[in-house]
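> The structure is given below, and queries will be raised subsequently.
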Amino acid sequence: MEKTHLQSSADILMSSSSYQRDALTPPRPPLKPNQVGQVVLYGVPIVSLVIDERERLCLAQISNTLLKNYSYNEIHNRRVALGITCVQCTPVQLEILRRAGAMPISSRRCGMITKREAERLCKSFLGENSPPKLPDNFAFDVTHECAWCRGNFIPARYNSSRAKCIKCSFCNMYFSPNKFIFHSHRTPDAKYTQPDAANFNSWRRHLKLSDKVPADELVYAWEDVKAMFNGGSRKRALPSSGPCSSMAAMKG
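Under UniProt numbering, the residue at position 137 of the sequence shown is numbered 137, and the numbers go up by one with no gaps.
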């Protein structure tokens, strides 16, 4: 049987300009805790706040401006499908956001996401989720811990949500992403974790890059691939299920 060599992240150098860093960009000044700023997304200014040394944006404000034509459930389900986790504001931080005009006086909580996460979320609704420019024989080295399995996710084969684009490293069989997380090979130290079978998008949460510290360029390419064919789940989510639940009340 003829074997096809698949390029991994260690074999190639991303050539796409979207993944290249500008070497001439001067270093940014250090961020201060609770520092207020402003980020422009799709032409709309969004209030930012430094939390845990990272600049984060107010998800509720994004939902009521850029994503105002979508329901709370649509935004919540898309966020979960993309693996974006909100960070809950402290009372002090919430008051800062109120004074900055990002949240109404009556708000009791607010979920914050990073700029990169905000860009991914908005792009999934407002932009074209075209596949990243990768070599035809490139593959992501991926793994899941639902029991344990490792494989090669081949973007060139990922042409639909049910495409068999992951080749198991043990048995060489091909699986679609949502089927692969149920496929495993027993190892002595494997601990079984039941995948969320009711959510067709759950593979995006369970399937991870094998490299524990991947390069930013690889992470961005992986995020772009996961954003493809992502319609979000229709399963209703209760507003009290997470720290971003205040968004439901603001959506009205």
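Glycine residues also receive a C-beta, built at the ideal position from the N, C-alpha and C atoms.
If you're wondering where the values come from, they're calculated on a predicted model, not measured in any experiment.
I'd like the list of long-range same chain contacts for TYR158, defined as Cβ closer than 6 Å, with 5 residues on each side in sequence excluded.
So the qualifying residues of the chain are CYS165.
> Just to confirm, are GLU153 and PHE138 a CB contact at a threshold of 7 Å?
Here residue 153 is Phe; the residue named in the question, Glu, does not match the sequence. Taking 7 Å as the Cβ cut-off, PHE153 and PHE138 do not qualify as a contacting pair.
> Got a sec, what are the start and stop residues for the beta strand (DSSP E) GLU55 sits in?
First-last of the beta strand (DSSP E) with GLU55: 54-58.
> Assign SER124 to buried or exposed, taking buried as 16 or more other Cβ atoms, counted over all protein chains shown, within 10 Å of its Cβ.
Burial call: buried.
> When DSSP labels each residue in this structure, what does ARG150 get in the three-state scheme?
The answer is strand: DSSP assigns ARG150 an E or B state.
> Cα separation between ILE51 and GLY101?
Going from the Cα of ILE51 to the Cα of GLY101 covers about 18 Å.
> From PRO66 to LEU126, what does the alpha carbon distance come to, in whole angstroms?
Correcting the residue identity first, residue 66 is Leu in this sequence and not Pro. Rounded to whole angstroms, LEU66 to LEU126 spans 9 Å at the Cα level.
> Cα separation between SER219 and GLN38?
Checking the sequence shown, residue 219 turns out to be Val, not Ser. Straight-line Cα distance between these residues: approximately 25 Å.
> Whose C-alpha, out of PRO135, PRO104 and ILE75, is nearest the C-alpha of CYS122?
Checking every option, the nearest Cα to that of CYS122 belongs to ILE75.
> Taking the beta carbon of TYR72 as the centre, do at least 16 other beta carbons fall within 10 Å, making it buried, or is it exposed?
So TYR72 ends up on the buried side.
> Roughly how many whole angstroms lie between the Cα atoms of VAL47 and MET173?
Using only the alpha carbons, I get a separation of about 48 Å.
> Here's the rule I'm using: 16 or more other beta-carbon atoms within 10 Å means buried, otherwise exposed. How should GLU223 be labelled?
The residue is buried, with at least 16 neighbouring Cβ atoms inside 10 Å.
> Suppose you measure from the CA of GLU53 to the CA of VAL92; what does that come to, to the nearest Å?
About 16 Å.
> To the nearest angstrom, report how far apart LYS179 and PRO214 are at their CA atoms.
Approximately 25 Å between the Cα atoms of the pair.
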